[in-house]
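One structure is given here, and the rest of the page talks about it.
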Amino acid sequence: MGDSHGKLRHELEVAQRALAEAEERCARLHAENLAAMEEFEDTRKQIERVKQEWMAALDVVEDPIFLHDKDFRILRCNLAYQRYAGIPYAQIIGRHYYEVFPLTHAPLRNCLQRLEKTAVAGQEEDVEFGAHTFRSRAYTVNDQQGGYLYSVHILDDITERRKAAEALAANEKRFRELVETISDWVWEVDEQGRYTYCSPRVKDLLGYEPAELIGKTPFDLMAAGEAARVGDIFGRHIAAREPLRCLENTNLHKNGQPVVLETSGTPVFDAHGTFKGYRGIDRDITERKRLERELEYQAHTDVLTGLHNRRHFFELAEQELTRSRRYGKQLSLLMLDVDQFKLLNDTYGHHVGDTVLQKLSEICTRTLREIDIAGRIGGEEFAILLPETMADHALEVAERLRLAIAGATVQREQGDCPVQFTVSIGISSLVATDSQIDELLRRADAALYVAKQAGRNRVRAEEVT
Numbered sequence: 001m002g003d004s005h006g007k008l009r010h011e012l013e014v015a016q017r018a019l020a021e022a023e024e025r026c027a028r029l030h031a032e033n034l035a036a037m038e039e040f041e042d043t044r045k046q047i048e049r050v051k052q053e054w055m056a057a058l059d060v061v062e063d064p065i066f067l068h069d070k071d072f073r074i075l076r077c078n079l080a081y082q083r084y085a086g087i088p089y090a091q092i093i094g095r096h097y098y099e100v101f102p103l104t105h106a107p108l109r110n111c112l113q114r115l116e117k118t119a120v121a122g123q124e125e126d127v128e129f130g131a132h133t134f135r136s137r138a139y140t141v142n143d144q145q146g147g148y149l150y151s152v153h154i155l156d157d158i159t160e161r162r163k164a165a166e167a168l169a170a171n172e173k174r175f176r177e178l179v180e181t182i183s184d185w186v187w188e189v190d191e192q193g194r195y196t197y198c199s200p201r202v203k204d205l206l207g208y209e210p211a212e213l214i215g216k217t218p219f220d221l222m223a224a225g226e227a228a229r230v231g232d233i234f235g236r237h238i239a240a241r242e243p244l245r246c247l248e249n250t251n252l253h254k255n256g257q258p259v260v261l262e263t264s265g266t267p268v269f270d271a272h273g274t275f276k277g278y279r280g281i282d283r284d285i286t287e288r289k290r291l292e293r294e295l296e297y298q299a300h301t302d303v304l305t306g307l308h309n310r311r312h313f314f315e316l317a318e319q320e321l322t323r324s325r326r327y328g329k330q331l332s333l334l335m336l337d338v339d340q341f342k343l344l345n346d347t348y349g350h351h352v353g354d355t356v357l358q359k360l361s362e363i364c365t366r367t368l369r370e371i372d373i374a375g376r377i378g379g380e381e382f383a384i385l386l387p388e389t390m391a392d393h394a395l396e397v398a399e400r401l402r403l404a405i406a407g408a409t410v411q412r413e414q415g416d417c418p419v420q421f422t423v424s425i426g427i428s429s430l431v432a433t434d435s436q437i438d439e440l441l442r443r444a445d446a447a448l449y450v451a452k453q454a455g456r457n458r459v460r461a462e463e464v465t
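The opening position of the sequence shown corresponds to residue 1 in the UniProt record's numbering, with each subsequent residue numbered one higher.
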């Protein structure tokens, strides 16, 4: 009997301990559940806060933005989208965006159908909603397993830009073929100037794949002389950690052709202020430089003869006069006039007269030195400035020109006998009292008149008193 009681007490104690442990486990699980629920609530609140912050950030953006599911039903949208749609948020969410923008207008329906394609393909499309034109861009968001979650659609209102572009095109139609929009090549270099990044645009500019330039320097793409010149300029900026602003430099395309680039960049520093290199852009200005040279040529050059025009000749002549006076150098001036040019024009026609002037300029260019300055200053009048040339040497030059011109001929259109022509030349040389080029020109013109009076095809120097 005693053994039975002892056994029952033991079993009771075991049961009590098991019950206590069960109660403890229940209490612990309850506490864990409460903690989990609190964590869940905190997480929910955090998610809600993030969502609100995210939506607040979207509402700041002036471009319409909306999120849609795979069936193109709107999940979220910002204030800008609501303004353009003209209906409140609650009436937008859950609706197919075809319902937000009515399809009563056939062209609009076509635009929206194209818009749907962009949401799938991630392409860019210009679409019209009523009086507004938007540039649509769509981005797909997937989960970690690659499954589709939703799409983000951004509508950039380009209405005003489009109107401005159309107005500009109307006003500048004749310049369209001269002006082209050039995309920039984006690059990064390290402390040693070696490329660490090149955008794909470099392929269009210089013919290289981006990967081909990684580890190279800008100077590897230049001729030796240009690399030395540009390296000196770049070096001063880099040493001072200064930005690069529109620095012109000539690179070599992969095919060997020169390409003029305009380089701009800014120094890059890490979080500790340590210099890490430069980041910038290169813009192809080859065509612009060619146009500038062409415009400068047209502004300075006589179209018919290719010599300096009157205005540019006088600019260069005044500069040379100043230099000669400052350094005590000799200077002479020749005035040339085609003999009986009017009679030549009347007899053979203006085409032959133009050919005569072109032949004369060709002979001058061939005969004169590089430092000599020749220009057409009137119909058949030419002036030649001879730097560092005294009077007797100028006389020799003038005589060589006269003989070369007298021996030249120009062909007539009909194939008849070629036409010969002559010139008369007057010479003046710099004296101490000359302060303007007009003074030399006046004396050379007087000597030219004497040459004409002497029978033409003559050279006469000014009379020194």
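Virtual Cβ for every residue (Gly too), placed ideally from N, Cα, C.
Rounded to a whole number of angstroms, what is the C-alpha to C-alpha distance between residue i and residue j?
i: glutamate 160; j: glutamate 62; result: 14 Å
i: histidine 68; j: alanine 167; result: 36 Å
i: alanine 227; j: phenylalanine 219; result: 5 Å
i: valine 450; j: leucine 357; result: 22 Å
i: asparagine 142; j: arginine 95; result: 22 Å
i: glycine 306; j: histidine 350; result: 18 Å
i: arginine 44; j: alanine 22; result: 32 Å
i: glutamate 381; j: threonine 422; result: 13 Å
i: glutamate 125; j: tyrosine 97; result: 16 Å
i: glutamate 188; j: aspartate 232; result: 20 Å
i: alanine 454; j: leucine 247; result: 58 Å
i: lysine 342; j: arginine 323; result: 38 Å
i: lysine 7; j: alanine 18; result: 16 Å
i: histidine 393; j: histidine 308; result: 23 Å
i: tyrosine 195; j: arginine 236; result: 19 Å
i: leucine 441; j: valine 186; result: 55 Å
i: aspartate 337; j: lysine 203; result: 55 Å
i: glutamate 32; j: cysteine 26; result: 10 Å
i: phenylalanine 269; j: glutamine 192; result: 14 Å
i: lysine 452; j: leucine 334; result: 14 Å
i: serine 264; j: lysine 51; result: 40 Å
i: alanine 240; j: alanine 299; result: 39 Å
i: arginine 443; j: serine 428; result: 6 Å
i: methionine 55; j: glycine 256; result: 53 Å
According to DSSP, is residue i helix, strand or coil?
i: proline 267; result: strand
i: glutamate 177; result: In this predicted model, glutamate 177 has a pLDDT of only 40, less than 50, meaning its place in the structure is not dependable; the value taken from the coordinates is given anyway. Here glutamate 177 sits in helix by DSSP.
i: leucine 304; result: coil
i: arginine 95; result: coil
i: glutamate 413; result: coil
i: serine 428; result: strand
i: proline 210; result: helix
i: proline 258; result: strand
i: serine 435; result: coil
i: lysine 70; result: coil
i: serine 199; result: coil
i: glycine 225; result: helix
i: alanine 239; result: helix
i: glutamine 453; result: helix
i: phenylalanine 341; result: helix
i: methionine 37; result: helix
i: methionine 335; result: strand
i: threonine 286; result: helix
Can you say whether residue i is buried or exposed, counting buried as having 16 or more other CB atoms within 10 angstroms of its CB?
i: isoleucine 373; result: buried
i: tyrosine 81; result: buried
i: phenylalanine 40; result: exposed
i: asparagine 251; result: buried
i: threonine 365; result: exposed
i: cysteine 198; result: buried
i: isoleucine 238; result: buried
i: leucine 344; result: buried
i: alanine 211; result: exposed
Are the Cβ atoms of residue i and residue j separated by less than 7 Å?
i: isoleucine 92; j: isoleucine 74; result: yes
i: aspartate 184; j: arginine 283; result: yes
i: threonine 266; j: proline 243; result: yes
i: glycine 207; j: histidine 272; result: no
i: arginine 400; j: serine 424; result: no
i: leucine 386; j: alanine 317; result: no
i: alanine 398; j: threonine 367; result: no
i: arginine 456; j: aspartate 339; result: yes
i: glutamate 388; j: lysine 329; result: yes
i: aspartate 59; j: leucine 34; result: no
i: aspartate 190; j: glycine 277; result: yes
Rounded C-beta distance between residue i and residue j? I'm assuming under 8 Å.
i: isoleucine 285; j: valine 260; result: 5 Å
i: isoleucine 363; j: arginine 310; result: Incorrect: roughly 20 Å between the Cβ atoms, too far for contact.
i: leucine 331; j: glutamate 315; result: About 16 Å separates the two Cβ atoms, so there is no contact after all.
i: glycine 426; j: arginine 460; result: 6 Å
i: valine 303; j: tyrosine 348; result: Incorrect: roughly 21 Å between the Cβ atoms, too far for contact.
i: histidine 153; j: alanine 138; result: 5 Å
Does the ligand GDP have a heavy atom nearer than 6 Å to the CB of residue i?
i: arginine 293; result: Inclusion of the ligand GDP in the displayed structure is not the case, the ligand content being empty and no account of it being possible.
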